[in-house]
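So the protein sequences, as listed, match chains A and B.
Take the first sequence: its letter number 28 is residue 28 in this note's numbering, and every next letter is one higher.
To convert a position in the second sequence, counted from 1, into this note's numbering, add 142.
Every residue, glycine too, gets a C-beta built ideally from N, C-alpha and C.
This structure is a prediction, so every number in the text was calculated from the model and none was measured.
Remarks on the structure that follows.
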Amino acid sequence: MLNVGKIEEGFVLDHIKAGKSLYIYKHLQLDQLDCTVAIIKNAKSGKMGKKDILKVECDINTLNLDILGFIDHTITVNVIKCGEIVEKKELVLPKEIKNVIQCKNPRCITSIEQGLPHIFVLTDAEKEIYRCKYCEEKCAEK
Amino acid sequence: MKHLMSPLDFTAAELDNLFDLAGDIEKFPAKYAHICNGKKLATCFYEPSTRTRLSFEAAMINLGGQVLGFSDAASSSASKGESVSDTIRMISCYADICAMRHPKEGAPMVASTKSRIPVINAGDGGHQHPTQTLTDLLTIRSLKGRLGNFTIGLCGDLKFGRTVHSLINALIRYPNIKFIFISPVELKIPDYIREDVLRKNNIPFEEVIRLEDSMADLDLLYMTRVQRERFFNEEDYVRLKDFYILDKEKMALAKEDMLVLHPLPRVNEISVEVDEDPRAVYFKQVQYGVYVRMALILTLLELSE
């Protein structure tokens, strides 16, 4: 059994669907942080069978909860201070996400207009459907 | 400042005001002949269009205003690589209102975020064509006397036709409307219209293949063209292009007060012999397109009071 130690201050993302941790790592731009990051893949989970966990030792304010909520709002976000969990943050589906994913519609204006942010808007919370703000193409990544 | 990107940008009450104004313009054109003196409409058409561009230009000229613009991307600075955002900033210095058609979906919306003047979406790829929908609604309201309490048949290419999708979205806001979708299996309405628009809002609808079977039930028939440019396979297009041909025989099955609409251009789907039938109103529809664009220009320029 592999053991990864506690972090003193930062956050632990728990209950990530197995295999999704690197996707989250990329979208949270954790590669750009100069801090300790532990990526735990395929950890045993009573609830999920297998799960991924991310431990990040950094200022909690650097975490973009909107992006995380968009990727998977069922992830548990534990805020750690002095080695203890001080808060569990609830994720919600963000109403709008900017420059997280790109519109794949070749007919969309985002395919040619320079400097245009890629914005997706939540159009159906029940079915978790996001559509491009410009061409209304459904996001294929959810 | 208001723009028009989608027919749903206006509430049903705002649409009523717009259609009332269009009706007044139809009755008293002289009253509106100079209301836009000194105002300029820029028609920025990044792809060719005959009807829509001329309809906008006629609308502005009828209001006493003037028109400038370009009619294809090759004659605009887009050919030099200028962005839509930069172009609209420039156009904002030249004109008071802009009608934009662009092959890229969402281009007019991008323009509206950078513009100092109202922007009207005059068609963006296969996405929206709101002034066609306003034209369709005004035609129905003017000739039927109501928007609501009718059965409408939509016939032809229901899969790719943006005018059909826009019209369905606009009509579901009115009471007691039943849709009959008449199309070959290959060109049926998309799933998202069936599930997210119709079933979600409990709107009654039927899907049929034969036009003859539904003619007697219809208060309105909206014909569409099967568009060659939407097909990847010429063989499929050839097989489907003449699937429906509305002719005198089929018109004989219809109610005496049923109306036939078409967004035009018509190819073979309506036989020319039907043109003389008083129920064929697709050329009147073109005239209503001018009235509704006049009303829209006045509304967006805040000159409607």
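What are the complete beta strand (DSSP E) segments, minimum 3 residues, inside the segment 386-446 of chain B? 401-403
B/Ala422 to B/His404, Cα distance in whole Å? As a first step, residue 422 of chain B must be located in the second sequence, where it is residue number 280. As a first step, residue 404 of chain B must be located in the second sequence, where it is residue number 262. Roughly 9 Å separates the two Cα atoms.
Span of the alpha helix (DSSP H) around B/Thr281: Position 139 of the second sequence, counting from 1, holds the residue named residue 281 of chain B. Residues 272-286.
Got a sec: which bits of the segment 72-90 of chain A sit with their beta carbon under 7 Å from any beta carbon on chain B, in order along the chain? none
So, B/Leu279 versus B/Ile294, is the Cβ gap smaller than 9 Å? For the purposes of this step, residue 279 of chain B is taken as residue 137 along the second sequence, with counting starting at 1. For the purposes of this step, residue 294 of chain B is taken as residue 152 along the second sequence, with counting starting at 1. Cβ atoms of B/Leu279 and B/Ile294: not closer than 9 Å.
Tell me which same chain residues have a C-beta within less than 8 Å of the C-beta of B/Tyr386, skipping the five on either side of it? Residue numbering aside, residue 386 of chain B sits at position 244 when the second sequence is read from its first letter. Closer than 8 Å at Cβ, skipping near neighbours: Cys297, Gly298, Ile324, Leu353, Met365, Glu411.
Contacting residues, own chain, Cβ-Cβ under 6 Å from B/Lys173 (five flanking each side not counted): In the second sequence, counting from the first residue as 1, residue 173 of chain B sits at position 31. Answer for B/Lys173: no residue qualifies.
Listed by chain order, chain A residues near B/Val247 by CB distance under 9 Å: Numbered from its first residue, the second sequence carries residue 247 of chain B at position 105. Sequence inspection shows Glu at residue 247 of chain B; the Val mentioned does not correspond to that position. Residues of chain A passing the Cβ test: Asn105, Arg107, Cys108, Ile109, Cys132, Tyr134, Cys135, Glu136, Glu137.
Using DSSP's beta-bridge definition, name the partner residues of B/Gly211. As a first step, residue 211 of chain B must be located in the second sequence, where it is residue number 69. Note: B/Gly211 sits in a beta bridge opposite B/Thr185.
What residues in its chain sit with their C-beta under 6 Å from that of A/Val56, if we drop five residues either side in the sequence? Looking up residue 56 of chain A in the first sequence gives position 56. So the list reads Gly10, Phe11, Val37, once near-sequence residues are dropped.
When the cut-off is 9 Å and only beta carbons count, does A/Glu8 lie next to chain B? Position 8 of the first sequence, counting from 1, holds the residue named residue 8 of chain A. Closer than 9 Å: no.
For A/Leu116, three-class secondary structure by DSSP: Position 116 of the first sequence, counted from the start, is the residue given in the question as residue 116 of chain A. In this structure, A/Leu116 counts as coil in the three-state DSSP scheme.
Beta-carbon within less than 7 Å of B/Val252's beta-carbon, same chain only, minus the 5 sequence neighbours each way: which residues are those? Stepping through the second sequence from its first residue, residue 252 of chain B is reached at position 110. Counting only Cβ-Cβ distances below 7 Å, and skipping sequence neighbours, we find Val226, Ser227.
Cutoff 7 Å; reference B/Pro317; Cβ partners in own chain excluding five residues on either side: As a working mapping, residue 317 of chain B is identified with position 175 in the second sequence. Around B/Pro317: Gly290, Asn291.
Please list, in chain order, all residues of the same chain as B/Arg381 whose beta carbon is under 7 Å from its beta carbon, the five residues on each side excluded. The count along the second sequence starts at 1 and reaches residue 381 of chain B at position 239. Counting only Cβ-Cβ distances below 7 Å, and skipping sequence neighbours, we find nothing.
With three or more beta-carbon pairs closer than 8 Å as the criterion, would you say the segment 23-37 of chain A touches the segment 45-60 of chain A? yes
What residues are listed by DSSP as bridge partners for B/Tyr364? Counting from one through the second sequence, the residue named residue 364 of chain B turns up at place 222. Paired residue(s): B/Leu296, B/Leu403.
For A/Thr76, which residues does DSSP report across the bridge? In the first sequence, residue 76 of chain A corresponds to position 76, counting from 1. BP columns for A/Thr76 point to A/Asp14.
A/Gly69: buried (16+ other C-beta within 10 angstroms of its C-beta) or exposed? To locate residue 69 of chain A, count along the first sequence from 1; it is residue 69. Buried is the call here.
Taking 9 Å as the cut-off, decide whether the C-beta atoms of B/Leu210 and B/Thr185 are in contact. As a working mapping, residue 210 of chain B is identified with position 68 in the second sequence. As a working mapping, residue 185 of chain B is identified with position 43 in the second sequence. Yes, these two residues count as a Cβ contact at 9 Å.
Chain A contact for B/Tyr334 (CB, 9 Å cutoff): Position 192 of the second sequence, counted from the start, is the residue given in the question as residue 334 of chain B. Closer than 9 Å: yes.
Whose Cβ in chain A lies nearer than 8 Å to the Cβ of B/Val226? Position 84 of the second sequence, counted from the start, is the residue given in the question as residue 226 of chain B. In chain order: Ile109, Glu113.
Boundaries of the beta strand (DSSP E) in which A/Asp52 is found, first to last residue: For the purposes of this step, residue 52 of chain A is taken as the residue at position 52 of the first sequence. It spans 49-56 - the beta strand (DSSP E) in which A/Asp52 sits, taken as one unbroken run.
Residue from B/Met436, B/Lys286, B/Ser446 whose Cα sits closest to the Cα of B/Leu183: On the second sequence, position 41 is the one that residue 183 of chain B refers to. The candidate whose alpha carbon is nearest that of B/Leu183 is B/Met436.
Going along the chain, which residues of its own chain have a beta-carbon closer than 6 Å to the beta-carbon of B/Ile450, five neighbours each way excluded? No information on residue 450 of chain B is available, as it lies outside the stretch 143 to 447 that chain B covers here.
Expressed to the nearest angstrom, what Euclidean distance is found between the alpha-carbon atoms of B/Leu329 and B/Arg304? Against the second sequence, residue 329 of chain B aligns to sequence position 187. Against the second sequence, residue 304 of chain B aligns to sequence position 162. C-alpha separation (whole angstroms): 13 Å.
When DSSP builds the beta bridges, which residues end up paired with A/Lys81? If you number the first sequence from 1, residue 81 of chain A lands on position 81. Partner(s): A/Glu84.
Alpha carbon to alpha carbon, how far is A/Tyr134 from A/Gln29? Numbered from 1 along the first sequence, position 134 holds the residue referred to as residue 134 of chain A. Numbered from 1 along the first sequence, position 29 holds the residue referred to as residue 29 of chain A. Rounded to the nearest angstrom, the two C-alpha atoms are 25 Å apart.
Got a sec, what are the start and stop residues for the alpha helix (DSSP H) A/Ile24 sits in? On the first sequence, residue 24 of chain A is found 24 positions in, with the first residue counted as 1. 21-27 is the extent of the alpha helix (DSSP H) around A/Ile24.
Excluding the five sequence neighbours on either side, which residues of its own chain have a C-beta within less than 6 Å of the C-beta of B/Lys390, listed in chain order? The residue given as residue 390 of chain B occupies position 248 in the second sequence. So the qualifying residues of the chain are Glu415.
Three-state secondary structure (DSSP) at B/Asn159? Here residue 159 of chain B is taken as the residue at index 17 of the second sequence, counted from 1. Three-state result, B/Asn159: helix.
Rounded to whole angstroms, what's the CA-CA distance from A/Leu116 to A/Lys104? Just pull it up for me. Stepping through the first sequence from its first residue, residue 116 of chain A is reached at position 116. Stepping through the first sequence from its first residue, residue 104 of chain A is reached at position 104. Computed Cα separation, rounded: 14 Å.
Using the Cβ count rule (16 or more neighbours within 10 Å means buried), how would you classify A/Asp124? Taking the first sequence and counting its residues from 1, the one referred to as residue 124 of chain A is at position 124. It is exposed - the Cβ of A/Asp124 has fewer than 16 other Cβ atoms within 10 Å.
Run through chain A and tell me which residues come within less than 8 Å of B/Val252, C-beta to C-beta. The sequence position of residue 252 of chain B within the second sequence is 110, counting from 1. Ile109, Glu113, Leu116, Tyr134, listed in chain order.
Enumerate in chain order the residues of its own chain whose CB-to-CB distance from A/Lys6 is below 6 Å, with the five nearest sequence positions on each side excluded. As a position in the first sequence, residue 6 of chain A is number 6, starting the count at 1. Closer than 6 Å at the Cβ level, and outside the excluded window around A/Lys6, lie Gly83.
Any idea if B/Asp266 is buried or exposed, counting beta-carbon neighbours within 10 angstroms, 16 or more meaning buried? One-based indexing of the second sequence puts residue 266 of chain B at position 124. Per the 10 Å Cβ criterion, buried.
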